[in-house]
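Q: Position one of the sequence shown corresponds to residue 1 (the UniProt record's numbering), numbered consecutively onward.
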Amino acid sequence: MQAALYALSPTDQLEPISIVSATPFNSAYPEVTDFVRSGLHKWAGDARKFKKNGPYIQFITSPNNIDGVIKEHVVNGDQEKLIYDLAYYWPQYTAITSPTNHDVMLFTISKCTGHAGSKIGNTLFNIAFLQKTFMNHTLVIITM
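In structure tokens, the structure reads:
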């Protein structure tokens with residue numbers, strides 16, 4: 001999560017970018033967002049109550065780990081960046097009716113290995129999104 005937040009946070013802004021998620025959300029989101037205190041991003045609460053103009057990042061847990069409902073973003077803005085947390089995107093948890101295709105997707109195997117609460121997994125970035133976002137950066141990717 002920290003890597004995705006860092007990658008999406010602008011470094012040329014005077015104010016940290018707001019991070020939101022629609023309730024009910026993963027209780028770790030506020031802690032993870034503010035843990036490093038980088039000044040690049042800050043927790044701004046419930047996405048349904050978010051009214052600030054400007055850029056923001058929204059965590060979307062889909063399917064939601066409370067009720068299994070497939071979720072989409074709730075704030076509509078022209079400067080939104082979305083991180084889809086797909087920890088429960090497994091056929092044993094919910095009906096998967098179509099493939100997912102988002103710019104940033106977090107996956108975990110922790111639920112299958114008995115490490116619930118841990119984020120053991122990987123992050124997938126859409127190639128076009130990576131090229132646009134990191135055009136002026138050196139990107140090192142380590143894989144197994």
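The C-beta atom is built at its ideal place from N, Cα and C for all residues, glycine as well. Please read all numbers here as calculations on a predicted model, not as lab measurements.
(1) Rounded to whole angstroms, what's the CA-CA distance from W90 to D67? Just pull it up for me.
(2) Provide the residue span of the beta strand (DSSP E) that contains E31, from first to last.
(3) Excluding the 5 residues flanking Y29 on each side, which residues of the same chain have their C-beta closer than 6 Å to its C-beta?
(4) Using the Cβ count rule (16 or more neighbours within 10 Å means buried), how would you classify N64?
(5) Are residue 158 and I57 closer than 9 Å when you measure CB to CB?
(6) So Q58 is in the beta strand (DSSP E); what residue range does that whole segment cover?
(7) Tell me the rounded alpha-carbon separation between T94 and T108.
(8) Which residue comes first and which comes last in the beta strand (DSSP E) that contains Y84?
(9) Take the Cβ of L5 as the centre, count every other Cβ of all protein chains shown within 10 Å, and call the residue buried at 16 or more, exposed below.
(10) With distances taken Cα to Cα, identify the nearest neighbour of S98 among P16, S62, Q79.
(11) Considering only C-alpha positions, which residue in the set S27, V69, E80 is nearest to F50?
(12) Is V104 near A7, with beta carbons less than 9 Å apart?
(13) In whole angstroms, what separates the C-alpha of K71 from that of L40?
(14) My output table needs one value for A3: the three-state DSSP class, helix, strand or coil.
A: In brief:
(1) Near 14 Å, if we compare the C-alpha coordinates of D67 and W90.
(2) Element bounds for E31: not the beta strand (DSSP E) but the alpha helix (DSSP H), 28-35.
(3) The answer, listed in chain order, is S21, F59.
(4) Buried: at least 16 other Cβ atoms inside 10 Å.
(5) What the structure shows of the chain is the stretch from 1 to 144, and residue 158 is not part of that stretch, so it cannot be assessed.
(6) Start and end: 56-61.
(7) Put simply, the backbone Cα of T94 is about 15 Å away from that of T108.
(8) Taken as a continuous stretch (DSSP letters only), the beta strand (DSSP E) holding Y84 covers 80-85.
(9) By the C-beta density criterion, L5 is buried, having at least 16 other C-beta atoms within 10 angstroms.
(10) Nearest to S98 by C-alpha distance, out of P16, S62, Q79, is S62.
(11) Taking only the C-alpha atoms, the option nearest F50 is E80.
(12) For V104 and A7, yes; Cβs fall inside 9 Å.
(13) Going from the Cα of K71 to the Cα of L40 covers about 26 Å.
(14) In this structure, A3 counts as helix in the three-state DSSP scheme.
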